[in-house]
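Beneath this line is the structure, given in structure tokens, with notes to follow.
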Amino acid sequence: MQTPIYIGIDVSKDKFDYAAVDAQDTLIKKDSLQMDRDGFQELGKLIRSFSDVVVGFESTGTYHINILSFLLSLTEHVHLLNPALVKKFAEANSLRKTKTDAVDAMAIARFLIFRQQNITNGTEIDSAYLTQLARLRESITRDVGKTKTHLKQMLNIAFPELLKHANVFTDTFLHILEQFPSAKAIRKATKKRIRKTFYNLTKSRGKNPDMNPDQLFDLAKNSIGTADDSLEMAIQFDIKHLEFLQKHLDEVTGKLIDNVNKRFGSELEILKSIKGIGDITASHFLSEVKDIQRFSNYKQLIAYAGTDPSVKQSGNMIKRGKISKRGVSGLRRVGYLITCSVIRHDGVFRNYYLKKREEGMVYRKAVIATWNKLLRVIFAILTKQVKFIPNHG
């Protein structure tokens with residue numbers, strides 16, 4: 471039986487370096503290739519020249535996606551590696567004291583040989599696709615928040631009273647403001663036109679806004695707001711941009727949930743058995759964590775999130791400091807949202823959070839402590855494939 475050849479690949483934006491070694495850690499071949507079709511074909515020739523190949527490279531955000539897709543068309547033994555684990559291994563073996571891409575590729579190849587217990591099995595392109603979808607949704611959500619903040623700032627000049635009396639981000643009010651973007655614009659319009667606009671919008675959307683046309687007109691009549699053409703144009707632009715973002719956010723959210731449901735349907739339902747976790751947050755969590763079987767215990771899951779405490783040792787003194795932040799930042803972000811929601815909706819975790827506050831923890835530290843407890847529970851229920859029972863959390 472032929473032993474496998476291990477190929478470590480160091481990926482950057484425009485090129486990639488590889489090192490191929492055998493099971494005895496003997497270098498067979500190394501090279502630097504361009505991140506293009508010719509480079510892929512050259513790597514493909516090398517891989518096809520061996521009957522048994524294991525390929526690994528570090529997760530690099532977006533740079534690795536295309537080469538991952540290509541490699542999976544050649545072999546199923548392709549692995550995305552945690553950069554922090556590879557770095558730690560390389561430093562322990564003096565492989566990264568000299569920083570070169572060739573050394574990095576060699577370190578990755580050796581990691582494949584000597585740290586097989588830390589290798590993620592069954593890597594698939596749809597796992598990377600899920601992560602990209604989740605990150606895209608995060609990005610759009612941030613843009614929505616920024617646009618809403620800017621719109622409120624503009625309205626605080628053009629029609630400050632409206633912000634105090636209505637939710638301006640409902641579809642109905644956004645469409646009204648798109649036509650009448652200031653108190654001045656409403657005053658210039660006739661009551662008849664305002665009423666007609668309200669009627670057409672409520673008829674087509676089936677929802678009544680926070681106030682009727684006469685109330686809006688009276689509010690505008692007594693407004694202290696000021697606006698010129700440029701400010702009104704900025705408000706209309708923000709509204710159009712917000713509608714554009716919201717449309718795409720809904721589309722990406724639907725795709726994310728659908729794809730997570732196809733891949734991790736049972737895990738999605740198990741996570742949702744915890745009060746405060748819904749389709750969106752569960753989908754974000756699973757897109758970052760993927761297969762729970764990757765982790766031997768809950769401590770590995772917490773370390774993956776980067777919310778384990780950093781430990782510094784000097785002689786016999788051990789100091790536990792702030793969270794390590796060595797894990798996946800996307801998982802930490804969704805973890806914070808999940809934990810805040812679970813604290814509001816679930817008594818078990820709310821009591822745990824309150825207990826930590828009573829012990830003197832500041833708000834954020836208490837939330838992180840609750841998140842780590844939640845991760846322990848999530849690891850248990852996903853591993854056992856059982857839904858959460860609140861009184862036994």
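Under this note's numbering, the first residue of the sequence shown is numbered 471, with each subsequent residue one higher.
Glycine included, each C-beta is placed from N, C-alpha and C at the ideal position.
Small disclaimer: the values here were computed from a predicted structure and weren't measured.
Could you spell out where the beta strand (DSSP E) holding residue i opens and where it closes?
i: S799; result: Note, S799: premise wrong, no beta strand (DSSP E); alpha helix (DSSP H) at S799 to H815.
i: I477; result: I475 to V481
i: G526; result: V523 to E528
i: V491; result: K485 to V491
i: V832; result: Unbroken run through V832: none, as it is neither H nor E.
i: V856; result: Element bounds for V856: n/a, residue is neither H nor E.
i: H549; result: V548 to L551
Ends of the alpha helix (DSSP H) at residue i?
i: Q504; result: Not the alpha helix (DSSP H): Q504 falls in the beta strand (DSSP E), residues L497 to Q504.
i: H635; result: P630 to H635
i: L538; result: I535 to L542
i: H754; result: D749 to V759
i: H515; result: The sequence shown places Lys at residue 515, rather than the His named in the question. R507 to R518 is the extent of the alpha helix (DSSP H) around K515.
i: K769; result: Y768 to A775
Could you compute how far the alpha carbon of residue i sits from the alpha carbon of residue j?
i: A704; j: Q623; result: 11 angstroms
i: Q706; j: D699; result: 11 angstroms
i: I578; j: L726; result: 31 angstroms
i: Q855; j: N731; result: 15 angstroms
i: L771; j: F765; result: 6 angstroms
i: A562; j: L555; result: 11 angstroms
i: A836; j: L671; result: 46 angstroms
i: F629; j: L712; result: 19 angstroms
i: R803; j: N692; result: 43 angstroms
i: I498; j: F734; result: 39 angstroms
i: A697; j: L689; result: 15 angstroms
i: Q650; j: E829; result: For clarity, residue 650 is Phe in the given sequence; the question names Gln instead. If I take the Cα positions, the gap works out to 53 angstroms.
i: K843; j: K769; result: 11 angstroms
i: K515; j: H620; result: 54 angstroms
i: S543; j: Q511; result: 12 angstroms
i: A575; j: K500; result: 9 angstroms
i: R585; j: V491; result: 15 angstroms
i: K825; j: C810; result: 15 angstroms
i: T845; j: V798; result: What sits at residue 845 in the sequence shown is Leu, not Thr. About 14 angstroms.
i: K557; j: H547; result: 22 angstroms
i: L541; j: R507; result: 12 angstroms
i: N860; j: I535; result: A small correction: the amino acid at residue 860 is Pro; Asn does not occupy that position in the sequence shown. When rounded, the distance between both Cα atoms is 40 angstroms.
i: Y599; j: K662; result: 51 angstroms
i: Q685; j: F714; result: 29 angstroms
i: F668; j: E648; result: 13 angstroms
i: R612; j: E721; result: 16 angstroms
Please state if the CB of residue j and the CB of residue i are separated by a distance shorter than 8 angstroms.
i: L701; j: I627; result: yes
i: I851; j: K857; result: yes
i: D487; j: D495; result: no
i: A839; j: L801; result: no
i: I610; j: Y476; result: no
i: G805; j: W841; result: yes
i: F559; j: F581; result: yes
i: T777; j: D708; result: no
i: F687; j: I656; result: yes
i: R607; j: L719; result: yes
i: T545; j: I517; result: yes
i: P679; j: T642; result: yes
i: E758; j: T532; result: no
i: L513; j: K485; result: no
i: Q716; j: V614; result: yes
i: T723; j: I762; result: no
i: S597; j: K483; result: no
i: S521; j: P553; result: no
i: A653; j: G695; result: yes
Under 8 angstroms by Cβ, that's how I've got residue i and residue j pegged, so tell me the actual separation to the nearest angstrom.
i: A604; j: H754; result: 5 angstroms
i: A752; j: K745; result: 12 angstroms between Cβ atoms; not a contact.
i: V428; j: H549; result: Any property of residue 428 remains undetermined from this structure, which presents the chain solely from 471 to 863.
i: K625; j: L633; result: For clarity, residue 625 is Leu in the given sequence; the question names Lys instead. So it is a contact: roughly 6 angstroms between Cβ atoms.
i: E739; j: L756; result: E739 to L756, Cβ: 11 angstroms. No contact.
i: I808; j: Y823; result: Actually they do not touch by this definition, with Cβ atoms about 13 angstroms apart.
i: G478; j: A493; result: That belief does not hold up - the Cβ atoms of G478 and A493 are roughly 14 angstroms apart, past 8 angstroms.
Quick check on the DSSP output: what are the complete alpha helix (DSSP H) runs of length 4 or more inside the segment 638-724, in order along the chain? Fully enclosed alpha helix (DSSP H) runs of 4 or longer: 641-649, 653-658, 661-675 and 683-691.
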